[in-house]
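So the first sequence is numbered by UniProt numbering: it starts at 1 and just counts up by one. Some notes on the structure that comes next.
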Amino acid sequence: MSKGFDDIPFFDEEPAPRQAAAATGGIAARAMAARDKAQRPDYLSGLNPEQREAVEALEGPVLVLAGAGTGKTRVLTTRIAHILSTGRAFPSQILAVTFTNKAAREMKERIGVLVGHAVEGMPWLGTFHSIGVKLLRRHAELVGLRSDFTILDTDDVVRLIKQLIQAEGLDDKRWPAKQFAGMIDTWKNKGLDPSQIPEGDARAFANGKGRELYAAYQNRLLTLNACDFGDLLLHPIRMFRANPDVLKEYHGKFRYILVDEYQDTNTAQYMWLRLLAQRPRPSERSASAGPGDARQGQVAAAPDRAPPRSGDSVSASKQQQINICCVGDDDQSIYGWRGAEVDNILRFEKDFPGAKVIKLERNYRSTEHILGAAAHLIAHNEGRLGKTLFTERTNPEDEKVHVHAAWDSEEEARAVGEEIEQLQRKNHKLNDIAILVRASFQMREFEDRFVTLGLNYRVIGGPRFYERMEIRDAMAYFRLVCQPADDLAFERIVNTPKRGLGDTTVRTLHDYARARDIPMLAAASEIIETDELKAKARKSLFDVVADFRRWQTLLETTPHTELAEQILEESGYTAMWQADKSAEAPGRLENLKELIRSMEAFESMRGFLEHVALVMDAEQNENMDAVSIMTLHSAKGLEFSTVFLPGWEEGLFPHQRALDEGGRSGLEEERRLAYVGITRAKHRCHIWFVSNRRIHGLWQSTLPSRFLDELPIAHVEVAEQEASYGGYSRGYGQSRFDKADPFENSYQTPGWKRAQQHRSEATRDNWGTRSGHSVERIGYGESGPRTRTIEGELVAKSTTAEPSRFNVGDRVFHIKFGNGNIAAIEGNKLTIDFDRAGQKRVLDGFVERA
DNA sequence: TTCATTGCCCTTTTT
DNA sequence: GGGCAATGAA
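Here it is, written out as C-alpha cells:
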C-alpha cells in the first residue's frame, strides 16, 4: 500500500446531509420508518444491542467488527431486510458483496427468510467477481471486449502464458508459465497494469521481459475476447475511471453498499469499492485524473483501447449519500498471502471519515474455555483493532481445551480416530466433528485411518468437480460452440479424442490464425480449403469444422442439455471413455452424466457456462453423516461441536515458509489461523502435536508449536496420553491433574531446563524473527502447558537412550489398555499386542510387568 | 501414440 | 516418499 494514501479524502469534505437518504425514499418510506420505530418489526427483536445498532445505523459509513461467532451474517442479512422493509431502497439499489459463492448463496437464503419474495429482486448481491462480470457484460465495449467474452480459469491462463513464453522464444523450463501466472495474479490483486508493475518485478522474470510478457498477455486476452479472474475486477475499475458518466450512473443506483469479510479485500477490490462508494467532488475532473489516483499510481485506462475520456467535470448535484457498511474481523484475516490487505480494515476510519465503528463481541458459539484460549492466543498479535469475545453462557461442565501429544502422525491419527469413535458411541453426530489441518498433506493420514476404521469422512476443498479433466474437456466443446473465438478451448479438444491432429497440424493452424489475426476455428475452416495440410489431417479437420458448424446452428433450436449430449456423442468424446478400460473411466463417464444433469437447472448453455466459470464448486451430498476433514483456511466461517486441530508443531504450524517469507506479519497471520481454528469449536477443542513427523519423506523430530505456549493454562488441559510422555516417570493412580497445580515443580526439573535450553537454541537458530519472542511468551515458566510439551520433545531424543527394561514377549499391564505382550521394542517405545485393545505403540514408562 | 522413465515439487485457495 | 508432468524411446 502506497504511502500518503491515508490523507486522500474518501468522501467530500462535507458529507451530504444525513437525512438525504430518507428524503429520497419519499413520504411513504418515512412513514414506514416511523411506524417501524414505534413497533419494532420481528426481525429486530432477537438482536442484541450491538447487533441492533449495526442493523439500524443505516446512514453514513459503518464498520462492523464482528468477532468469531458473534452473528456477523445475521447482522448483514437483517440490515438488508431492514433497508428493504423500511422502504429506504429498492432491492436493486443495494450492492452486497461477498467473497465466495457459498457466502452469497447463504445470504440470499437468509434474506429470503426475513423478507420473502424481495430477494428475487436483489440483482447486485454476489461475489466481487460475479458482480464484476455483470458490470462488464453491460459495458464490455468500453474496455475493448465484446459482451459475450469468456472467463478463463487458472488452467487456461497457464496454457495461454506458456504459449506466449514460447512465442517469445524463451525457455519454458526456465520460466515456468505457472509461476508467471502467479505473478500476474499478484499484480492484478494490487490493481497494477503492465505499465505500473515495479521495475524489479518486471525484471525478475523472462530475462527482464516480465512487463512485455504481461502486456502481451493482456493483448492476447483481448484478442481472444476473454478475461481472467483478475480482469473481472480490473476492467470495471478501468471502465469507471475512464467513463465518469457510467460511474455516475452507478453512484445514482447504489444507495447501500454492504461488504462481507472486509478483512479479506485486496487492493483491487478496495479500489473498486472506493470508486463505487465515493462521490467525486464537484470541482474534480474526470475520475481517472484525480490527484488521488496519480498518487496511488494504479490502474489507469488502457491507453490503446479505452475511448478518450471526457474532460467534463462531474456535475455533482445534490445527491444522497452512498451508505457503505463493511463487516469483518481483523483477527480472522488469513488470506494475506493472496493479496488481502488487513490494512483495509485497520484503515477504515481514515478512509471513511465519520465512520461509525461497531464491535460485536458477544459470542454465541463457543464455551468460555474455548473463547478464553482463543482470546489469549490472539492477544499475542500486535496491530489489532482489539476485540475481546465474551459469552454469558458459563457451564461448569464445559471441557477445557485439550492439548494432546503423540509420538508421530500415525499415532495422532489413530488417537483422534479413537476419540471420534468414543464420541460416536455417545451419540454425537459425525457431521458435528471436524479435523482442521494446516496443510493438506496432513489429511492423508486421517483418511487412511478412517478408511481402516470404517469411519465416514468427507474431505472438503479437494480437487473440484469442474477441475476434472473430463469435465474441462466437455466444457471446452461447449465453450467453443458458444464462443467460436475461444482458441484455448479449440486447442484443448481439437485432438481429443485423437483425430490425428497432432502438434504439427495444430502448430500450422496456429501460425495461420495468428498471421491473419483470426480465431483458430475460423482458421481451420479456411485452411481446409487450401493444401497446406496433409490430406489426412485436412480430412480430420474438415470433419471437426463441420461438426462445430452444425452444433452452432443447433444452439438456438435444440434444448441445451440435449445438444450437450449430442455434442459429446458425435464428437466421439463419450466413446473415447467408453473404450478406455482404466479404472477411472467409468467414474469419468458418470461425471459427464452429472455434468449434463446439472445443466438442466439453467436456461441456456451460455448461462450454464457462465455459472461454471464463476462457481467452481459443485454441491456434494450433505446427507451423509461424516467427519469433515479440511484445511484451516477452508474452515473459516464454519462451526462444529467438536474440533480437532492436529499438527501444532513448529515448522508446520506456524508454517516455516510463512515465517521465512512473511516474518513477523507471517507469524501473526499464522496465529490468526490458529485463532480461526480454535474458534470453530462450539463445545470441544482438541489440539495435537507430535514429536516426529515425516516431511518430504524424511522423518523429522519436531518441536511443539509456540502457539501452545501462548494458550492460557486456565482454559487448557493437557490430556494424559498413553504414549509420548515416556520420560515422564510418575506412578499411576496419582494423576498429575489431581493436584491443584498440575505443573507444580515440573519446570524446575533438570529435564525441563535441558529441554528449554534445547528449545531456545533451536528456535534461535531457525527463526531470526523470534528474537523478541520471549516477551510474547506470557507465563512461560510459571504457567502454561510447558511441562508436557517439553516432555513430548524429550521423548523424541530418548529413543536412542538406554536399553529398555523390557524384552520382547514380556507380559505387561497398561492402565488404559490392560494386559498384553510386547511385540517389539525400539528404544523406549514398545509395540504391544493388547488382549483387548489390539496392537498399540506405547512408551515404556506407562506399562509395568503384569 | 503410447508407455515408461525421469525430474521436480512439496502451505494456505477463491474467483 | 510420492504424485504428477514432461520427455524420450519403441
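Even glycine gets a Cβ: it sits at the ideal position worked out from N, Cα and C. None of the values given here were measured: they were computed from a predicted structure.
- Cβ-Cβ separation between Leu164 and Arg220: approximately 6 Å, consistent with a contact (criterion under 8 Å).
- When only Cα atoms are considered, Gly637 and Phe602 end up about 29 Å apart.
- Within its own chain, the residues whose Cβ lies closer than 7 Å to the Cβ of Gln269, once the five positions on either side in sequence are excluded, are Phe128, Leu233, listed in chain order.
- For the pair of segments examined, the region 424-436 was found not to touch the region 594-611: the number of CB pairs separated by less than 8 Å stays below three.
- Residue burial is scored here from C-beta neighbours: Gly230 has at least 16 other C-beta atoms within 10 angstroms and is therefore classed as buried.
- Shown here for Ala81: same chain residues with a beta carbon closer than 7 Å to its own, the five before and five after excluded, namely Tyr43, Ile111, Leu114, Val115 in chain order.
- Remark: C-beta atoms of Ile493 and Leu509 do not approach each other more closely than 9 Å.
- When the alpha-carbon of Phe450 is set against those of Ile420, Glu467, Phe205, Asp432, the nearest one is in Ile420.
- Annotation for Gln163: the continuous alpha helix (DSSP H) segment containing it runs 154-167.
- Every unbroken stretch of the alpha helix (DSSP H) spanning 4 or more residues and falling wholly within the region 71-148 is given here in chain order: 72-85, 101-115, 128-139.
- Between the alpha carbons of Lys162 and Arg174 lies a distance of about 12 Å.
- Three or more Cβ pairs closer than 8 Å define a contact, and the region 648-659 falls short of that threshold against the region 358-368.
- Proximity of the region 382-390 to the region 76-93 falls short of the contact definition, fewer than three beta-carbon pairs being nearer than 8 Å.
- With 16 or more other Cβ atoms inside 10 Å of its own Cβ, Trp187 counts as buried.
- Secondary structure note for Gly328: its beta strand (DSSP E) is the uninterrupted segment 323-328.
- By the Cβ-count criterion, Lys534 is exposed, with fewer than 16 other Cβ atoms from all chains shown falling within 10 Å of its own Cβ.
- Three or more Cβ pairs closer than 8 Å define a contact, and the region 548-562 falls short of that threshold against the region 499-509.
- In this structure, Gln51 is the residue among Ala415, Val615, Glu661, Gln51 with its C-alpha nearest to the C-alpha of Leu76.
- About 18 Å separates the Cβ atoms of Leu436 and Gly67, ruling out a contact at the 8 Å cut-off.
- DSSP places Tyr270 within a helical segment (H, G or I) once states are collapsed to three.
- The residue among Gly200, His139, His404 with its C-alpha nearest the C-alpha of Ser705 is His404.
- The DSSP-derived three-state label of Asn495 is coil.
- The C-beta distance from Val716 to Ala375 rounds to 12 Å, too long to fall under 8 Å, and the pair is not in contact.
- Taking a cut-off of 8 Å for Cβ pairs, the region 468-486 and the region 576-592 touch, as three or more such pairs fall below it.
- Within the region 385-430, the beta strand (DSSP E) runs of at least 3 residues that lie entirely inside it are, in chain order, 401-408.
- For the region 574-621, the full-length alpha helix (DSSP H) segments reaching 4 residues or more read 585-599, 605-614 along the chain.
- From the listed residues Asn207, Glu710, Arg238, Cys325, the smallest Cα separation to Arg79 is found for Cys325.
- Assigned with DSSP and collapsed to three states, Phe813 falls in strand.
- DSSP, read as helix, strand or coil, puts Arg174 in coil.
- Per DSSP, the unbroken alpha helix (DSSP H) holding Arg657 starts and ends at 656-679.
- Asp517 places its beta carbon less than 9 Å from that of Thr223.
- The beta carbon of Asp398 is closer than 6 Å to those of Thr367, His369 in its chain, skipping five residues each way along the sequence.
- Per DSSP, Leu480 is one residue of the alpha helix (DSSP H) stretching across 469-482.
- DSSP places Leu224 outside both helix and strand once states are collapsed to three, so it counts as coil.
- With respect to the 9 Å criterion, Ala850 and Phe813 are classified as neighbours on the basis of their beta carbons.
- Setting aside the 5 residues that flank it on each side, Phe348 is surrounded in the same chain by Leu63, Cys326, Ala355, each with a C-beta closer than 7 Å to its C-beta; the list follows chain order.
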